[in-house]
Structure formats: C-alpha cells, structure tokens
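Worksheet: the structure to be examined is printed underneath.
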Amino acid sequence: MGYKLHVIIFDNGVVQQSGITKANVHDINFLKQVKNLPTEKKMLGDRAYISKTLQMDLFEQYKVTLKVPFRNNQHDYKNILKSTNRKDKWLKHFFAQMCDQFNLKRNYAKSYEGLAVRLASKLSSMSILHWINHLNGKKLAQIKHALSF
Numbered sequence: 008m009g010y011k012l013h014v015i016i017f018d019n020g021v022v023q024q025s026g027i028t029k030a031n032v033h034d035i036n037f038l039k040q041v042k043n044l045p046t047e048k049k050m051l052g053d054r055a056y057i058s059k060t061l062q063m064d065l066f067e068q069y070k071v072t073l074k075v076p077f078r079n080n081q082h083d084y085k086n087i088l089k090s091t092n093r094k095d096k097w098l099k100h101f102f103a104q105m106c107d108q109f110n111l112k113r114n115y116a117k118s119y120e121g122l123a124v125r126l127a128s129k130l131s132s133m134s135i136l137h138w139i140n141h142l143n144g145k146k147l148a149q150i151k152h153a154l155s156f
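Numbering-wise (our numbering), the sequence shown opens with residue 8 and increments by one.
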C-alpha cells in the first residue's frame, strides 16, 4: 500500500501544512479536508487539482485563487506568467531536494504512524535549514550548505 505527501508552502518557502493520504485517494480530497488555509492568497497546484467546483469552493470560503498551470498538450493551455512558472519550478526543486537530501522516497516505516513521524521530522528539518539560511542571509533553497558558516 502506498501513500502520497501533500504540502502547502508559503511564498517564502516555509512549509505551512502537510498531510498524508493513501495512494488511491484523489488529491482533491486532501484540500477538502484542510481546515485552515491562508486567506486571500494564490495557490499553485499540479494538474490533479483541476476542478472548477473546488476552485469556487476555495474562493468562497477563503478567498483563495487556485492556479493550475496546464501543459502544452492540454486542451485549455494558456501561456503562464514567468512568476508562476518560476514558482512551479521552485516547488519541483523543493521536492527534489527533499528526495535528494532526506531520502524522502526511501521508507523503512512499519506502520502509518511511523511514516507520519518520519515525514514530519524530515519536513521540520527542512524548515530548520531554511531558517538557518534566513539567519545567515543566504538563499532559502540552498540547504546543502546551510550548516557551513
């Protein structure tokens, strides 16, 4: 049985919320379960979050605009802004760092609770490295050299 990690990240790169769902649960169901979203923000999601009803619900409840960048070969493709493209690449970079630095894909947990604890510790260590970079005046994403003073 597999699981999926869902993460809500602020613009500055700090993880605000995270959650784990079973692999056979659709991604939209995670957002329906989230209770406290930041209000009047723009959210960027992947194509699993393409849903007009979900976008309307998020806007009515939290004044959140959900953007889903389409790929070139999708029907409703529109050119996206460079800032949105930059944030999309930054999110992919975030998860690539999690896989590279913290072996996110490697799982030795024997139970769901063990998996949740391992993922929480990896996400919190990523946040601590971001905080150290912030204190030292470095870019947040350069976590590999965060502890070299």
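For each residue, glycine too, the CB sits at the ideal point set by N, CA and C.
All values derive from a computational prediction rather than experimental measurement.
When secondary structure is reduced to three states using DSSP, I27 falls in the strand class. Between M105 and L136, the C-beta spacing is not below 9 Å. Taking every protein chain shown into account, the CB of G121 has fewer than 16 other CB atoms within 10 angstroms, so this residue is exposed.
In the DSSP assignment, T72 falls within the beta strand (DSSP E) that extends over 72-74.
V32 carries a coil assignment under DSSP once its states are collapsed to helix, strand and coil.
With contacts defined by Cβ atoms closer than 9 Å, K70 and M50 do not form a contacting pair. DSSP places K129 in the helix class (H, G or I) of the three-state scheme.
For Y10, the enclosing beta strand (DSSP E) begins and ends at 10-16.
Contact between F66 and T72 holds: CB atoms are separated by about 6 Å, below the 8 Å threshold.
Taken atom to atom, the span from the alpha-carbon of S134 to that of I16 is near 11 Å. With respect to the C-alpha of K151, the residue from K39, Q68, M63, A103 having the closest C-alpha is A103. If you check the CB distance, F101 and V14 come in under 9 Å. Annotation: Y115 is outside any alpha helix (DSSP H) and is labelled neither H nor E by DSSP. For L61, the enclosing alpha helix (DSSP H) covers residues 59-69. Rounded to the nearest angstrom, the Cβ distance from T28 to K39 is 11 Å, too far for a contact under 8 Å.
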